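The structure appears right after this line, and notes come after that.
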Amino acid sequence: MATRTAFATLAAMSCMVGATVLAATPAGAAAGADPSMQHCVVNLDSRKVTCAADQQQARRLSDVTPTALTIAIFYNGTGYTGATHTWVQSRRCTSGYDSEWQWDDLGDIGWNNRVSSVRTYNRCDVKFYDGVDFKGASSVWIDGASNLGTIGTGWNNRASSVKFS
Ligand SMILES: [Ca+2]
Ligand SMILES: [Ca+2]
């Protein structure tokens, strides 16, 4: 009887210790700083954004079809480094510059004044605007740049809206 009581008391103490440790665990980091969500894919046909730990996983989890085409990738760092934002849709760009797709406020997806290097694919180029809604200064049409600071009057961490053609 005495042995059983001692065991029960020890078990209760273990639970309390466990509970104390759990309560002392700090809350998780803010979602925006979560390194496992730094790579995003946007389907320009549906405007749905999907983020994950890497580009392949983001694409796999997204609603884009297997035949969908990447038209551009934004990088937070120069030299195609850091967080990425991949733009995907169902068609190649045409040969003319006629703004086939656009995004009027990059702040919607956490990319206001953030893109520092860019690659384009499938005959597409990008044109950046300093303001949202395609206002303010605009860049030339850009096929690709490892440092947007060297383009025109400087486009590092400056674009707030974008057109694709
Ligand atoms: Ca940047
Ligand atoms: Ca801007």
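Residues -23 to -1, 1 to 142 in mature numbering (1 follows the signal peptide of the UniProt record, and there is no 0) are what the sequence shown spells out, letter by letter.
Just so you know, even glycine gets a beta-carbon here, dropped at the ideal spot from N, CA and C.
Everything numeric in this text was worked out from a predicted model, so none of it was measured.
Short check: CB of residue i to CB of residue j, under 7 Å?
i    : j    : result
D40  : K25  : yes
N89  : S137 : yes
C70  : S116 : no
A35  : H16  : yes
N20  : V92  : no
D102 : D75  : no
D22  : S67  : yes
F51  : V95  : yes
Along the chain, where does the beta strand (DSSP E) containing residue i start, and where does it finish?
i    : result
Q79  : W78 to W80
L46  : L46 to G54
A29  : K25 to A29
V19  : H16 to N20
W118 : Unbroken run through W118: none, as it is neither H nor E.
G59  : T58 to Q66
To the nearest angstrom, report how far apart residue i and residue j are at their CA atoms.
i    : j    : result
E77  : D31  : 27 Å
A49  : N99  : 9 Å
T47  : R135 : 23 Å
I128 : A122 : 8 Å
T44  : N133 : 32 Å
T42  : K112 : 33 Å
G87  : L38  : 19 Å
D82  : T27  : 17 Å
G131 : W118 : 14 Å
S72  : Q79  : 16 Å
A29  : A114 : 33 Å
N124 : G84  : 21 Å
Taking 6 Å as the cut-off, is the beta-carbon of residue i closer than that to any non-hydrogen atom of ligand 3?
i   : result
R91 : By its list of ligands, the structure shown excludes ligand 3, since it contains just ligand 1 and ligand 2.
Taking the continuous alpha helix (DSSP H) assigned at residue i, which residues delimit it?
i   : result
Q32 : Q32 to L38
Would you check if there are 3 or more beta carbon pairs closer than 8 Å linking the stretch 106 to 116 to the stretch 46 to 57? no
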